[in-house]
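S.K.:
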Amino acid sequence: AGADSGWDTVFLPCGIYSVSARLNLRSHTRLLGAGSCTVLRARSANATEMLYFHDLTTVGKNTSIESLTFDGAGIAAWGIGLDAWNQFTIEYLWFTSFTSGAIRTNFTYNGNADQGLIHNNHVVGSSVFAFPGAIDTPVFLQTSTAAGSVLDLTTISNNTHGAVQSWSMILDSATRLTVKDHWAGNNAAAEVWSGGIWIKNTGDNANSIRNSTNHLIEGLTLENSNAYATPVGVKVECTYSTGGTTGLISN
5 AGADSGWDTV
15 FLPCGIYSVS
25 ARLNLRSHTR
35 LLGAGSCTVL
45 RARSANATEM
55 LYFHDLTTVG
65 KNTSIESLTF
75 DGAGIAAWGI
85 GLDAWNQFTI
95 EYLWFTSFTS
105 GAIRTNFTYN
115 GNADQGLIHN
125 NHVVGSSVFA
135 FPGAIDTPVF
145 LQTSTAAGSV
155 LDLTTISNNT
165 HGAVQSWSMI
175 LDSATRLTVK
185 DHWAGNNAAA
195 EVWSGGIWIK
205 NTGDNANSIR
215 NSTNHLIEGL
225 TLENSNAYAT
235 PVGVKVECTY
245 STGGTTGLIS
255 N
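When we follow the numbering used here, the leftmost residue of the sequence shown carries the number 5, and every step to the right adds one.
1) Would you tell me roughly how many angstroms separate the C-alpha atoms of V128 and L55, rounded to the nearest one?
2) Determine the extent of the beta strand (DSSP E) in which Q169 is found, giving its start and end residues.
3) Distance, Cα to Cα, H219 vs L44?
4) How is F15 classed by DSSP in three states: helix, strand or coil?
5) Just curious, the beta strand (DSSP E) that H58 is in, first and last residue?
6) So what does N190 bridge to, in DSSP terms?
7) When you compare each of T147, P142, H165 to H123 by their alpha carbons, which one comes out closest?
8) Along the chain, where does the beta strand (DSSP E) containing G105 start, and where does it finish?
9) Got a sec? Which residues, its chain only, sit under 6 Å from R180 by beta carbon, not counting five neighbours each side?
10) Considering only residues of the same chain and omitting the five flanking positions on each side of N1, which have a CB-CB separation below 6 Å?
11) Evaluate S212 with the Cβ neighbour count: other Cβ atoms within 10 Å of its Cβ, from every protein chain shown; 16 or more gives buried, anything less gives exposed.
12) Quick check on A77: does DSSP put it in helix, strand or coil?
13) What residues are listed by DSSP as bridge partners for D87?
14) From N28 to S170, what does the alpha carbon distance come to, in whole angstroms?
15) Could you check the C-alpha separation between I20 and L72 for me, to the nearest Å?
16) Taking the CB atoms as reference points, tell me whether T147 and A106 lie closer together than 9 Å.
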């Protein structure tokens, strides 16, 4: 590790790094790989995530992870989890073989994950990365609320998700998100998948976090060449009568 304008930079060169327990990423840290050849591979089953933006005793701040591959090896549930965090970057990553999905929010503190950038990441199916235990990863991004926390003020841009098995994004009670140029597809001969983005507000009723509001979705592409499914582009669902969903969808 070395200092980089007040940040600690951890560089991982090309190679396969076995991960047997969840890794916690701290504030003011940059985790940098050499590209897809830097592989973090799950070595044991994990019901949570391989890497967790989690600062133990406080809301985290100023952290990035870039340029490496997460391989769930068919035994890990999620690639990355986000706790309450200000100013985070997740970009130039590859994800494969997770049983649940690539990225999710997983809150333990009363604070939002906000002012983030999730950019130019790629979820690839088992046909692309022939790793041991390779399977398709169902979901690219899933958000949920806990302790009054939401994913807020975050840009999600230029990401791709191959071999979708469910929804590519499930945005539950998130706020003020910008989604730009997202590609999702599944060309498997007998795969049925739901669609691109599901926006809903089942939320956290106890903490009055019910609205999924003020989203901008601009540039969503779905590719499907099989006869088993006609995926939906964007689904908007309002569960609570006192809640709501608002936003702008274009292109």
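Backbone N, C-alpha and C define an ideal beta-carbon position, used for all residues, glycine too.
M.R.: Well, looking at it:
1) Reading the sequence shown from its first residue, position 124 is the one you call residue 128. Reading the sequence shown from its first residue, position 51 is the one you call residue 55. Spanning the two alpha carbons is a distance of roughly 18 Å.
2) Within the sequence shown, residue 169 is the residue found at index 165, counting from 1. Premise fails: Q169 is in no beta strand (DSSP E) and is neither H nor E.
3) Here the question's residue 219 lines up with position 215 in the sequence shown. Here the question's residue 44 lines up with position 40 in the sequence shown. Distance between the alpha carbons of H219 and L44 is about 32 Å.
4) Start at 1 with the first residue of the sequence shown, and residue 15 comes out as number 11. F15: strand per DSSP, three-state reduction.
5) In the sequence shown, the residue the question calls residue 58 occupies position 54. Neither: H58 is in no beta strand (DSSP E) and is coded neither H nor E.
6) In the sequence shown, the residue the question calls residue 190 occupies position 186. N228, per the DSSP bridge assignment.
7) Within the sequence shown, the letter at position 119 stands for residue 123. Per the Cα distances, H165.
8) As a first step, residue 105 is located in the sequence shown; it is residue number 101 there, counting from the start. That run of the beta strand (DSSP E) goes 105 to 109.
9) Taking the sequence shown and counting its residues from 1, the one referred to as residue 180 is at position 176. The residues are D156, L157, N218.
10) The question about residue 1 has no answer here: the residues shown for the chain are numbered 5 through 255.
11) Sequence index remark: in the sequence shown, residue 212 carries index 208 (1-based). Confidence at S212 is low in this model, with a pLDDT of 49, below 50, so its placement is unreliable and the value that follows should be read with caution. Exposed is the call here.
12) By 1-based counting over the sequence shown, the position of residue 77 is 73. DSSP places A77 in coil when its eight states are reduced to three.
13) As a first step, residue 87 is located in the sequence shown; it is residue number 83 there, counting from the start. Note: D87 sits in no beta bridge, so no partner.
14) Counting from 1 along the sequence shown, the entry for residue 28 is found at position 24. Counting from 1 along the sequence shown, the entry for residue 170 is found at position 166. Computed Cα separation, rounded: 28 Å.
15) Within the sequence shown, the letter at position 16 stands for residue 20. Within the sequence shown, the letter at position 68 stands for residue 72. Cα to Cα, the separation comes out at about 10 Å.
16) Translated into the one-based positions of the sequence shown, residue 147 becomes position 143. Translated into the one-based positions of the sequence shown, residue 106 becomes position 102. For T147 and A106, no; Cβs fall outside 9 Å.
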